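Asks: The structure follows.
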Amino acid sequence: MGAEALTGRGALLVAALAGVLLAGACARSAEPSPAAERSGRLEAGGVTVEAVLADGQVRATFRPQRPGFHVYSIDLPPDGVQGLGIPTVVAVRGSLDAIGTPSADKPVNELRIEELNVTLPVYPDGPVTVTLPIRSTADGPAEVVVTYGACSASTCLPPVRERVIALA
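Per our numbering, the very first residue in the sequence shown carries number 5; after that it's consecutive.
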């Protein structure tokens with residue numbers, strides 16, 4: 005075993021090391037970007053909001069903390085109906101751009117308030133998830149901005165306006 009054997013082993017070692025490094029680089033490039041699995045949470049106005057960024061969309065689940073409470077529809081006009089109600093809004097900022105319109109996983113119910121002669125679009129009592137298609141514009145902070153109001157048949161909680169959920 006002279007210099008030729010060491011050279012052969014050295015060449016084999018270099019080739020094996022190159023293969024390991026190349027395989028590692030390929031595996032890393034196949035991994036989803038860190039932005040694909042970010043999430044955050046907010047508790048305000050009697051509602052817990054959990055936001056998740058995955059698969060090109062943000063899913064924000066609004067979960068009233070008390071039974072018998074609901075949130076208003078994303079279809080409610082910005083100023084409500086006759087000044088009543090606050091629409092549920094999901095927006096993004098930072099390294100995210102919205103590329104579509106939001107949709108909800110629950111049907112809209114019509115809440116009729118006879119004394120005021122008004123009908124308001126609301127979701128059924130309990131949780132509702134609003135999904136917003138997005139694209140990531142760069143690495144960096146990704147934030148979801150939410151607005152909502154929670155009510156029961158007889159009372160409303162203070163509205164939450166433009167609160168930021170940082171996704172980590």
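Think of the CB as a built atom: it goes at the ideal place given N, C-alpha and C, for glycine as much as any other residue. What you are looking at is a predicted structure, and each value in this text was computed from that prediction instead of being measured.
Answer yes or no: do G84 and L57 have a C-beta to C-beta separation smaller than 9 angstroms?
Replies: No. Outside cutoff.
Asks: What number of angstroms, rounded off, separates the C-alpha of T141 from the C-alpha of Y152?
Replies: Distance between the alpha carbons of T141 and Y152 is about 26 angstroms.
Asks: Could you check if T92 is buried or exposed, using at least 16 other CB atoms within 10 Å of its CB as the buried criterion?
Replies: Classification for T92: buried.
Asks: Going straight from the alpha carbon of A95 to that of E119, what length do you get?
Replies: Near 34 angstroms, if we compare the C-alpha coordinates of E119 and A95.
Asks: Under a CB-based cut-off of 9 angstroms, is V150 close to chain C?
Replies: You won't find chain C in this structure, because it holds only one protein chain.
Asks: Quick one, are the C-beta atoms of V164 and V150 less than 9 angstroms apart?
Replies: The answer is yes: Cβ separation under 9 angstroms.
Asks: In terms of residues, what are the limits of the beta strand (DSSP E) holding F66?
Replies: Its beta strand (DSSP E) spans residues 61 to 68.
Asks: Using alpha carbons as the reference points, say which of G60, R63, R67, V62 lies closest to E47.
Replies: When each option's Cα is compared against that of E47, the closest is R67.
Asks: Quick check on the DSSP output: the beta strand (DSSP E) that includes A55 runs from which residue to which?
Replies: Unbroken beta strand (DSSP E) run through A55: 51 to 58.
Asks: Below 9 angstroms between beta carbons: does that hold for T134 and A64?
Replies: One detail in the question is off: residue 134 reads as Val in this sequence, not Thr. For V134 and A64, yes; Cβs fall inside 9 angstroms.
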